[in-house]
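First comes the structure, then the notes that go with it.
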Amino acid sequence: MSDLKTYAAWDRSVRAFHWINLLCMIGLIAVGVAILNDKALGVSTEGKILLKSVHASIGYVFALNLLWRLVWAFIGGPRARWRAILPGGRGYLGEVSSYVSGFGAGRPRQYLGHNPLGRLAVAVLLLLLLNQAVSGLVLAGTDLFWPPLGGWIAGWVAAAGIDPATLVPYAPEMYDEAAYEAMRAFRKPFITAHEYGFYTLLVFAALHILAVVVTEVREGGGLVSAMITGRKVLSGPPADQD
Ligand code: HEM
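Numbering (numbering that gives the first Met the number 0) for the sequence shown: 0 to 241.
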């Protein structure tokens, strides 16, 4: 029986990001699904505005948390940095193949940070989160006239004689019809990116959870508790110890 040793894995910022992100995603998905099905649910106009307002308010927390994680990847500890979380770099393909063959043979190489396949998953997840944040922030402007673009969009669509600062959603009498149509055309690719990004994110979030469970069963290491305590328990020296 090999000796178990405890190693520092995830720093406080990474752990806080992870759990704040999860909580925000649960809220965003729940309210997002209600927005998607507003007609079937018989939601009134006021109800729609309320749902979008709640969704976008959680969205700001989500976007700020994500922004902080992206900054942290430049200034954080060794396992929080881009080179530890993104695929690629010198020897990456070799690392993937020895990881996969070790995994297949039942002797997986243990990592303190992400294993090479985990880095691929993290890159895809971060990209999908970024897509939701950017498209969502645009929609907060087009649908609610909220920052960061809301002031500019209100100035674009306000009818002559209407103060853009007083614009409210779902009030066509306050909008210039042609400008409003043009704004809806501008909005279209962002709602498409937000909606398909959402479906893709659901698939990858499920794969992420499945991969954690499979890795935990095959390799151990206490992956879930490591994201709470910051420490992993390994039976041998990690492949990525500095
Ligand atoms: C993980 C992150 C997110 C998920 C899973 C998500 C999911 C969704 C879904 C499913 C919808 C309904 C789409 C539709 O009606 O076609 C939606 C709409 C919306 N989202 Fe998000 N969202 C996320 C992040 C954000 C963020 C960061 C913001 C802005 C701060 C935001 C703002 C909006 C707005 C304003 C709408 C209403 C658009 C509309 O249907 O008219 N979302 N979101």
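Glycine included, each C-beta is placed from N, C-alpha and C at the ideal position.
{"Check": "Report the CB separation of E218 from P107 in whole angstroms; it is logged as a contact under 8 Å.", "Outcome": "5 Å"}
{"Check": "For the beta strand (DSSP E) that L233 lies in, which residues bound it at each end?", "Outcome": "230–233"}
{"Check": "Where DSSP assigns a beta bridge to A157, which residues make up the other side?", "Outcome": "Y174"}
{"Check": "Here's the rule: buried if 16 or more other CB atoms are within 10 angstroms of the residue's CB, otherwise exposed. What is I25?", "Outcome": "exposed"}
{"Check": "Could you check what DSSP says for A7 in three-state terms: helix, strand or coil?", "Outcome": "strand"}
{"Check": "So for W151, helix, strand or coil by DSSP?", "Outcome": "helix"}
{"Check": "Looking at C-alpha atoms only, which residue of A15, H207, S12 is the closest neighbour of V123?", "Outcome": "H207"}
{"Check": "Identify the continuous alpha helix (DSSP H) that holds L118 and give its terminal residues.", "Outcome": "At residue 118 the sequence reads Arg, which differs from the Leu that was named. Looking at the DSSP string, the run of the alpha helix (DSSP H) that includes R118 is 115–143."}
{"Check": "Evaluate the contact criterion for the segment 54–63 versus the segment 124–142: three or more CB pairs, one atom per stretch, below 8 Å.", "Outcome": "yes"}
{"Check": "Under the criterion of a Cβ to heavy atom distance below 8 Å, does K51 qualify as lining the ligand HEM?", "Outcome": "yes"}
{"Check": "Tell whether a beta-carbon distance below 9 Å holds between E180 and A158.", "Outcome": "no"}
{"Check": "For M0, does the three-state DSSP call read helix, strand or coil?", "Outcome": "Reliability fails at M0, whose pLDDT of 47 lies under 50, so the model's placement of it is uncertain and no value is given."}
{"Check": "So L201 packs on T214, CB below 8 Å; how close in whole Å?", "Outcome": "Not quite, the Cβ-Cβ distance comes to about 21 Å (not below 8 Å), so this is no contact."}
{"Check": "Could you say which of R68, S43, D37 lies nearest to A15 if we only look at CA atoms?", "Outcome": "R68"}
{"Check": "How do the segment 25–38 and the segment 90–104 stand: do at least 3 beta-carbon pairs fall below 8 Å, yes or no?", "Outcome": "no"}
{"Check": "Could you say which of Y6, E176, L127 lies nearest to F61 if we only look at CA atoms?", "Outcome": "L127"}
{"Check": "Within the present structure, is the beta-carbon of I48 separated from the nearest heavy atom of the ligand HEM by less than 8 Å?", "Outcome": "no"}
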